[in-house]
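>
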Amino acid sequence: MYTLLTHTDLDGVGCGILAKLAFDQKVKVRYNSIASLNHEIEFFLENGSKDTFLFITDLSPNTENEAKLNEFYSKNGNVQLIDHHKTALHLNDYEWGYVLTEDDQGQLASATSLFFHYLVDRGLLAATDAIAEFVEMVRQYDTWEWEKNGNRQAHQLNSLFFLVSIDEFEEMMIRRLQTSDHFDFDDFEKKLLRMEEEKIERYIRRKKRELVQKEIEGRLAGVVFAESYHSELGNELGKEYEQLDYIAIVNIGGKKIAFRTIHDYMDVSAVAGQFGGGGHEKASGCSLSADAYHLFVEGTFHLEPLREDAKRNRFNVKKSSFGTLYTNHKKDIILLTPLSEGSWGIEKNKEEVGDIFLSFHEGERYLKRAFTAWLARDEQFVDYLMKEAKK
Ligand SMILES: [Mn+2]
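With the numbering used here as the guide, the letters of the sequence shown map in order to residues 12 to 402.
Here is the structure:
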C-alpha cells in the first residue's frame, strides 16, 4: 500500500493523478495545504501501517517532522519526498529527500514532472503521450513557463482545475489519460474556458485599480486585496506597475498573503521568510500574522490606489523629445525630459530632482517609485502646455 501526501494546487494534484494511474486502488491520496501537512505526517507516523510506503510531494515538513520522518525511514525505509521548492533543498541531506529546482537539461522542474520521471524510471508507470503531455502542461503552468511559451492550454488546464472540485478534476483527468492518445479539452470545456478567461480578465482589470504602492521593510511593494487568480494577478500587476519590487496579494478571509515578482533581482521567498512563510524566488506566501497584518493591511488601508499609465495618449507619450508628463494624487507636475544625447532629467513642480538618468526607463522608474506617479492623460498635458504658453 502507498500513501501520498501532496499539495492542493494543480502541481500537487498532478502528483495525485499520477499516483492513482500508477497504483490505482493501492494508494491513498491526501491533499494538503502547507499548514495541514505536518498534522497529516504525524497522523501517518502514529497510525499508518509500517508496510505502507509514504510519498510526500510538492510540500515539505517542519523540522520536528523532518526528524520523525528520518527515524521512520531508518527503521522501515518507506519514505520518499519529492519537491522542487528552493526552500526544501536542505532535505536533500536525507536519503529519502529528492529536491530539484531544475532538471539536468536546465529546465525548471515541478513536483508533477519530478514524480512522473521517478515513477517511469522505476517501471511503476507506463509513459503514454497523453500522460507526458499532461505532465508538461502542469510543469509549464507551475513554473509559469507557459506564458513565455504562449502555451494557453497549460493556463486553461489550471482554470479548469479551479472550475471543478479536486475529486471531479482527478476523476476527469484519470479517465482522459487512460483513454485518449493525446490530451485535449472537449467542446463544452472549451466554451467554459473561454468564458472563464473573460472573467479572469475582468477581475484583473478591477484589481489593477485597487493596488496601492508602499515601501515595506526596504522594498517597494504593490499591495492588493484579492482571493482568486493569484498567479495571474501577480503577473499582470507586476507588468503594469513595473516599478514595484513585488506584489503582495492579501487574502483577508483566508488570512494569507501571496507574494509574486516579475523581477530577476527579487527573491520573494525571502520576503515570505521574514513572516514565517516560504516558497519560490518568484512566487511565495505566508500566513497573515499580526506583524504582516500590521504592515500590509493597517499600513496600507488609508492609501489611495495607484493609477495606470494613460493608455490612449497621442501627445503625452513616453520618450517624447518635448518631455513626458507624469502626475500623482498630490497633483504634482513631474516632467521627464531628454537633456542631451542619451540622458534624461526630472523636474518636479519646476524644480530639478534626482540625478541624470542614462535611459528614459531608468528615469521613469525613479519618478514612479519616488513620487507614486503615473503617466498623465493628454488633457492634462495640453492644459499644462497652454498655461506655459500663456506665461
Ligand atoms: Mn509545485
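Glycine residues also receive a C-beta, built at the ideal position from the N, C-alpha and C atoms.
Taking only the alpha-carbon atoms, compute the straight-line gap between Lys379 and Val261 and give it to the nearest angstrom.
In a straight line, the C-alpha of Lys379 is about 23 Å away from that of Val261.
> Is Ser71 near ligand 1 - that is, is its Cβ less than 7 Å away from at least one heavy atom of it?
Short note on Ser71: C-beta not closer than 7 Å to any heavy atom of ligand 1.
> Smallest Cα separation from Ile177: which of Lys159, Phe34, Val40?
Val40
> Starting from Asn339 and walking both ways along the alpha helix (DSSP H), at which residues does that stretch end?
Per DSSP, Asn339 belongs to no alpha helix (DSSP H) and is neither H nor E.
> Quick one: give me the first and last residue of the beta strand (DSSP E) that His18 is part of.
13 to 18
> Verify the contact flag: Ser121, CB atom, against every heavy atom of ligand 1, threshold strictly below 7 Å.
yes
> Figure out for me which residue from Leu168, Asn87, Asp192 has the closest Cα to the Cα of Glu181.
Leu168
> For Phe371 and Trp355, which I take to be in contact (beta-carbon distance under 8 Å), what is that distance rounded to the nearest angstrom?
6 Å
> Take Leu130 and list the residues in its own chain whose beta-carbon comes closer than 7 Å to its own, dropping the five residues that flank it on each side.
If we look at Leu130 and ignore the five residues flanking it on each side, its Cβ neighbours are Leu29, Ala33, Leu136.
> Given the structure, does His241 come close to ligand 1, in the sense that its CB is under 7 Å from one of the ligand's heavy atoms?
no
> Can you say whether Met184 is buried or exposed, counting buried as having 16 or more other CB atoms within 10 angstroms of its CB?
buried
> Alpha carbons only, please: which of Thr383, Ser295, Leu350 is nearest the one belonging to Glu315?
Of the listed residues, the one whose Cα sits closest to Glu315 is Thr383.
> Run through the DSSP bridge pairs and tell me what Arg41 is partnered with.
Leu16
> Under 8 Å: do the segment 263 to 273 and the segment 187 to 197 share three or more Cβ pairs, one atom per stretch?
no
> So does the segment 49 to 57 actually touch the segment 19 to 28, counting three or more Cβ pairs closer than 8 Å?
no
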